[in-house]
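Numbering (numbering that gives the first Met the number 0), first residue to last: 0 to 233.
In this text, a Cβ means the ideal position worked out from N, Cα and C, and glycines have one as well.
Just so we're clear, the structure is a prediction, and the values are computed from it rather than from any experiment.
Since the structure comes first, as structure tokens, the remarks are kept for the end.
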Amino acid sequence: MNEGLTGKTTEKISTTERALLLEIYSRMKQRFGPLHWWPADSPFEVCVGAILTQNTAWTSAAKAIDTLRGADVLSVRGISEIEESELAQLIRPSGYFNQKAKRLKTFVGWLNGQYHGDIREMSRTPLPRLRKELLSLSGIGPETADCILLYAANKTTFVVDAYTRRIFSRHGLVAKDATYDELKNSFERRLPRRLELFNDYHAQIVETGKHYCLKKGPECEGCPLEYLLEREGT
DNA sequence: TGCCAGGCCGGGT
DNA sequence: ACCCGGCATGGC
């Protein structure tokens, strides 16, 4: 029986654990098709979206992004030059607008100072160092950093979010209180280290979560992972 | 009406 | 090293 994907570094990785994660991916992909995330027109918009969607429904973040685009501010220069208080008003629909305005300012300030405001230049930095730099910014935590790394900078890093924890714990595959890094390492050690796989795997998880694993709402009926529950028996 | 959404920070223990 | 209150709008 599966003992769960605990992420302990001493744990041996069996071929069946790897196969299980790949099977889960296969079933999600059969359900939703390839998703080729992230929904954005440019790598910089990915970064903006990653900050604006923190603990917020994507539809709300998308509204704020549309407002920014409409105000012709959805660019490194645009965010850099606009007054922070004015920026906050533009992104009101995304919630936490004062905090997020500051976080966007922090991000572009760093991007300008370190990489001449150039995402491609940023992306040439090796993954471990770039991840540490992002995490050092106030307002960029592990999930936001990994989203930027994976979907804007094309780094092969696995993104963990609320859906990942909820889906995999609901199916008895991880502890409910597993930390971010435990979950991330668990996936990264078991899965082939391929950019396209990491990219689409997280996208499939979010799609699965939105359809079948909200806190309230539809149970697992029709969920691509529903078959995993049969062995639980309460 | 109240709860929830693709987190994170800062201060306290 | 954890724990918690705060942050805020929009949808159901």
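Taking C-beta separations shorter than 6 Å and ignoring five residues to either side along the sequence, the partners of P42 in its chain run I118, A151, following chain order. Between the C-alpha atoms of R128 and K62 there is a straight-line separation of about 33 Å. Counting along the chain, G208 sits inside the alpha helix (DSSP H) bounded by residues 194–211. In this model, Y200 and G69 are separated by some 32 Å (Cα to Cα). The beta carbon of Y162 lies closer than 8 Å to those of I204, V205, T207, G208, K209, C212 in the same chain, with the five residues before and after it left out.
If you draw a straight line from the Cα of N153 to the Cα of F197, it is about 10 Å long. Non-local beta-carbon contacts of W37 in its own chain, meaning distances under 6 Å to residues more than five positions away in sequence, involve V45, Y150 in chain order.
For L182, the enclosing alpha helix (DSSP H) covers residues 179–189. For L89, the enclosing alpha helix (DSSP H) begins and ends at 83–89. Y162 sits in a helix when the DSSP states are folded into three classes. Across the structure, L110 and E220 are spaced so that their CA atoms are roughly 44 Å apart. Counting only runs that start and end inside the region 85–160, the alpha helix (DSSP H) elements of at least 4 residues fall at 96–114, 118–122, 126–135, 141–146. In the structure shown, P42 falls within a helical segment according to DSSP collapsed to helix, strand and coil.
One thing to note: I12 has its Cβ no nearer than 8 Å to the Cβ of R169. Rounded to whole angstroms, the separation of the alpha carbons of E80 and F167 is 42 Å.
The three-state secondary structure of T14, taken from DSSP, is helix.
Nearest to L194 by C-alpha distance, out of R165, R164, F31, T155, is T155.
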